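J.: Next up is a structure, given as structure tokens.
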Amino acid sequence: MNWLVETGYFAAAVVFILGLKRMSHPSTARSGIHWAGIAMVVATLLTFLHPQIDGRYGLMLLAIVIGGGIAWYSGNKVEMTDMPQMIAIYNGMGGGAAAAIAAVELMRMSDNPALIEQHGSLALWLGVLGAMIGAVAFSGSIVAWAKLDGRLKKAFNFPSQQLINMIVLGLTVYLGIVIAAVEPSSSLVLVFFALALLFGAMLALPIGGADMPVIISLFNALTGLAVAMEGFVLGNAAMIIAGTVVGAAGTLLTQLMAKAMNRPIRNVLFKQFGGASGVEQGEIEGSMKASDPMDAAVQLAFAERVIIVPGYGMAVAQAQHKVWEMVELLGERGVEVRFAIHPVAGRMPGHMNVLLAEAGVPYDMIADLDEINNDFETTDVTLVIGANDVVNPVAKNDASSPLYGMPILNADQSRNVLVIKRGQGSGFSGVENHLFYLDHTRMVYGDGQKVVGDMITALKTL
């Protein structure tokens, strides 16, 4: 029976990897999620056959019913605009589960020292490290969820914050070493977990909205590593392989996100940027020039090439379906339309891609920054809907700006720019967007869905 369980775990882990691979492209991402889901069901069912379960099926079924019920309800209820915070909270639950496994094992070892020899010293060290990483990912992800959900202000700072963080981290590491090298007593284990949870929360508190895609990806990587380490402690092949793959993928994605913002990971963690208030602004030349949906529709209708740059504002307005309806009308008039996606557009990696896919936009119409950035110079109209910081030209020409050096979409280089925006506020980073003040930019104010709907009505009359 043990051979059957271990073989099944290995097969499930292989399907996890294949599912993750399929998630790397939009056309196969849905099936990749299904593959991973099937693997999870198989791994869960195999666990009922594990010799160490010892007949405790009632608690397992209760946990599955409660957890599955909450996930089913929340997954069906969640709006697309709330998807980033759901990803953050689900990711945190993974880290919390790994930390809980470690807590149980460490408590057992404190009551029965003979188990230390049974697990081995390497497993004990990895268990402690995985416990710390999982606890940090759990509490940090909870804070990220609270910020994205509007329950916490974007950034929380206090004097000597980084010094205090380092002291808390140092104490956590010291207790971890004592637990692994000397004795995993119950009191030390409890203090160790309390400090690890505190450090995770304090790590995420000062991080603002513009850096949130990076920090969510980082916590995802930490969760994967924690699961892999606890899998080693339990001798569970599925946890080891799946956790390692998720940790590696999360690490690579974190590096890509940081590169897309031209910000090293250490700056994301230890320097405030996103959501900062009171950012000093240089004097802006020009003024915002308002337009209306009719004039905007005329510009689009008589253009040859149009690029649409979506952002979080499109998600808030739930305008993606109207945008696609407008694009279909433009296509009937012979207008070439493409979508430009910045790597950190929205509140999590791939947020805009998911929204556009939901509306039925073909994948070959969607291009990332590297693929499309050189095409703005030959574009007649760039339509920016809900995006802000990712098209701000100060990132290229103002060394004093917090955005300086961040790769942006070159919307300012197109012949004409239309911006659909609710009002005249700055972006999530708190930096005023100089694109809005350029001579060839026109602002169309209002709710994104309503404005695009009015533009569709105007297009039908032309």
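Here UniProt numbering is used: position 166 in the sequence shown is 166, and no number is missing along the way.
Glycine included, every Cβ here is placed at the ideal spot set by N, Cα and C.
On a predicted model such as this, the values are computed, not experimentally measured, just so you know.
1) I want to know whether the stretch 55–71 touches the stretch 378–395 - three or more CB-CB distances under 8 Å.
2) Looking at C-alpha atoms only, which residue of Gln85, Ala181 and Gly150 is the closest neighbour of Leu126?
3) For a quick check, are the C-beta atoms of Ala357 and Met80 less than 7 Å apart?
4) Should the stretch 174–192 be regarded as contacting the stretch 146–160, the criterion being three or more beta carbon pairs within less than 8 Å?
5) For Thr441, does the count of other Cβ atoms within 10 angstroms reach 16, so buried, or fall short, so exposed?
6) Taking the alpha-carbon positions, what's the Pro51 to Met107 distance?
7) If you run the structure through DSSP and keep just helix, strand and coil, what is Leu203?
8) Are the beta-carbon atoms of Ile216 and Met365 separated by less than 7 Å?
9) Go through its chain and collect everything with a Cβ distance to Glu230's Cβ below 6 Å, but skip five positions before and after it.
10) Who are the Cβ neighbours of Lys21 in its own chain at under 6 Å, not counting the five residues just before and after it?
11) Whole angstroms are fine: how far does the CA of Pro293 sit from the CA of Leu197?
12) Can you list, in chain order, the stretches of the alpha helix (DSSP H) that have 4 or more residues and sit fully within the stretch 318–404?
13) With DSSP as the reference, identify every bridge partner of Thr223, one or two as the case may be.
14) Only counting the same chain, and skipping five residues up and downstream in sequence, which positions put a Cβ closer than 8 Å to that of Glu285?
15) Give me the DSSP bridge partner(s) of Arg305.
16) Does the ligand NAP have even one heavy atom less than 6 Å from the beta-carbon of Arg22?
17) Secondary structure at Arg266, three-state DSSP: helix, strand or coil?
18) Note down the Cα distance separating Pro310 from Gly69, rounded to an integer number of angstroms.
19) Please report the residue range of the beta strand (DSSP E) in which Lys421 lies.
20) Only counting the same chain, and skipping five residues up and downstream in sequence, which positions put a Cβ closer than 7 Å to that of Ser139?
21) What residue does the beta strand (DSSP E) around Thr457 start on, and which one ends it?
22) For Asn262 versus Gly405, is the C-beta spacing smaller than 7 Å?
23) Which of the three DSSP states, helix, strand or coil, is assigned to Met86?
24) Assign Lys259 to buried or exposed, taking buried as 16 or more other Cβ atoms, counted over all protein chains shown, within 10 Å of its Cβ.
25) Assuming His351 and Val233 are in contact, meaning their beta carbons sit under 8 Å apart, how far apart are those beta carbons, in whole angstroms?
26) Might you give, ordered along the chain, the residues of its own chain that have their beta carbon closer than 6 Å to the beta carbon of Pro393, omitting 5 neighbours on each side?
27) What are the boundary residues of the beta strand (DSSP E) that Met261 is part of?
28) Is Ala276 helix, strand or coil when you go by DSSP?
29) Thinking just about the alpha-carbon of each residue, which of Val327, Gly346, Gly360 and Pro343 is nearest to the one in Met455?
30) Which value, in whole angstroms, describes the spacing of the CA atoms of Gly96 and Gly176?
31) Please identify the residue among Ser414, Ser401, Ala395 and Ile420 whose C-alpha is closest to the C-alpha of Ile408.
32) Could I get the ranges of all uninterrupted beta strand (DSSP E) runs contained in the stretch 16–96, with 3 residues as the minimum, in chain order?
33) Closer than 6 Å by C-beta to Val420: which residues in its own chain qualify, once you throw out the five before and the five after it? Chain order, please.
34) Out of curiosity, what's the CA-to-CA distance linking Phe10 and Leu225?
35) Ala296: which of Leu418, Lys460 and Ala359 sits nearest, CA to CA?
36) Does the CB of Asn374 have a neighbour CB from chain B at under 7 Å?
T.: Taking the geometry as given:
1) no
2) Within the sequence shown, residue 126 is the residue found at index 126, counting from 1. Scanning Gln85, Ala181 and Gly150 for the CA closest to the CA of Leu126 turns up Ala181.
3) Stepping through the sequence shown from its first residue, residue 357 is reached at position 357. Stepping through the sequence shown from its first residue, residue 80 is reached at position 80. The answer is no: Cβ separation not under 7 Å.
4) no
5) Here residue 441 refers to the residue found at position 441 when the sequence shown is read from its first residue. Flag for Thr441 reads buried.
6) For the purposes of this step, residue 51 is identified with residue 51 of the sequence shown, where counting begins at 1. For the purposes of this step, residue 107 is identified with residue 107 of the sequence shown, where counting begins at 1. Approximately 21 Å, taken between the alpha carbons.
7) Here residue 203 refers to the residue found at position 203 when the sequence shown is read from its first residue. In this structure, DSSP gives Leu203 a helical state, which the three-state scheme calls helix.
8) Residue numbering aside, residue 216 sits at position 216 when the sequence shown is read from its first letter. Residue numbering aside, residue 365 sits at position 365 when the sequence shown is read from its first letter. No, they are not a contact pair.
9) Translated into positions along the sequence shown, residue 230 becomes position 230. Cβ within range, chain order: Ala98, Ile101, Ala102 and Gly130.
10) Translated into the one-based positions of the sequence shown, residue 21 becomes position 21. Cβ within range, chain order: n/a, list empty.
11) Counting from one through the sequence shown, the residue named residue 197 turns up at place 197. Counting from one through the sequence shown, the residue named residue 293 turns up at place 293. If you draw a straight line from the Cα of Leu197 to the Cα of Pro293, it is about 50 Å long.
12) 320–332, 351–359, 369–372 and 394–397
13) Translated into the one-based positions of the sequence shown, residue 223 becomes position 223. Bridge partners of Thr223: none, in fact.
14) Taking the first residue of the sequence shown as 1, we reach residue 285 at position 285. For Glu285, where only same-chain residues beyond five positions count, the Cβ hits under 8 Å are Tyr437.
15) Position 305 of the sequence shown, counting from 1, holds the residue named residue 305. Answer is Glu336, bridged to Arg305.
16) Ligands displayed in this structure: none; no statement on the ligand NAP is therefore possible.
17) Locating residue 266 in the sequence shown gives position 266, where the first residue counts as 1. Note: Arg266 maps to helix in three-state DSSP.
18) Residue numbering aside, residue 310 sits at position 310 when the sequence shown is read from its first letter. Residue numbering aside, residue 69 sits at position 69 when the sequence shown is read from its first letter. Each residue's alpha carbon lies about 34 Å from the other.
19) In the sequence shown, residue 421 corresponds to position 421, counting from 1. Here the beta strand (DSSP E) through Lys421 covers Asn416 to Lys421.
20) What you label residue 139 is simply residue 139 of the sequence shown in a count that begins at 1. Only Leu197, Gly200 and Ala201 meet the Cβ criterion.
21) Along the sequence shown, one-based indexing puts residue 457 at 457. The continuous stretches of beta strand (DSSP E) do not include Thr457, which lies in the alpha helix (DSSP H) extending over residues Gly448 to Thr461.
22) On the sequence shown, residue 262 is found 262 positions in, with the first residue counted as 1. On the sequence shown, residue 405 is found 405 positions in, with the first residue counted as 1. In this structure, Gly405 lies closer than 7 Å to Asn262 by Cβ.
23) Taking the first residue of the sequence shown as position 1, residue 86 is located at position 86. For Met86, the three-state secondary structure derived from DSSP is helix.
24) As a position in the sequence shown, residue 259 is number 259, starting the count at 1. Around the CB of Lys259, fewer than 16 other CB atoms lie within 10 Å, so the residue is classed as exposed.
25) Here residue 351 refers to the residue found at position 351 of the sequence shown. Here residue 233 refers to the residue found at position 233 of the sequence shown. His351 to Val233, Cβ: 35 Å. No contact.
26) The residue you call residue 393 lines up with position 393 of the sequence shown. Once the five neighbours on either side are set aside, the close Cβ partners of Pro393 are Asp412, His434 and Leu435.
27) Within the sequence shown, numbered from 1, the residue matching residue 261 stands at position 261. No beta strand (DSSP E) contains Met261, which is instead part of the alpha helix (DSSP H) from Ala237 to Met261.
28) Taking the first residue of the sequence shown as 1, we reach residue 276 at position 276. Low per-residue confidence applies at Ala276: pLDDT is 44, beneath 50, and the placement is therefore not dependable, though the value from the model is reported in the following sentence. In the displayed model, Ala276 falls within coil according to three-state DSSP, outside both helix and strand.
29) If you number the sequence shown from 1, residue 455 lands on position 455. Here the closest residue by C-alpha is Val327.
30) Along the sequence shown, read from residue 1 onward, the residue named residue 96 stands at position 96. Along the sequence shown, read from residue 1 onward, the residue named residue 176 stands at position 176. The straight-line gap from Cα to Cα measures roughly 17 Å.
31) Here residue 408 refers to the residue found at position 408 of the sequence shown. Among Ser414, Ser401, Ala395 and Ile420, the Cα nearest to that of Ile408 belongs to Ala395.
32) none
33) As a position in the sequence shown, residue 420 is number 420, starting the count at 1. At residue 420 the sequence reads Ile, which differs from the Val that was named. Taken in chain order, the residues that qualify are Ile385, Val444, Gly448 and Val451.
34) For the purposes of this step, residue 10 is taken as the residue at position 10 of the sequence shown. For the purposes of this step, residue 225 is taken as the residue at position 225 of the sequence shown. Roughly 18 Å separates the two Cα atoms.
35) On the sequence shown, residue 296 is found 296 positions in, with the first residue counted as 1. Per the Cα distances, Leu418.
36) Of the chains in the structure shown, none is chain B; there is only one protein chain.
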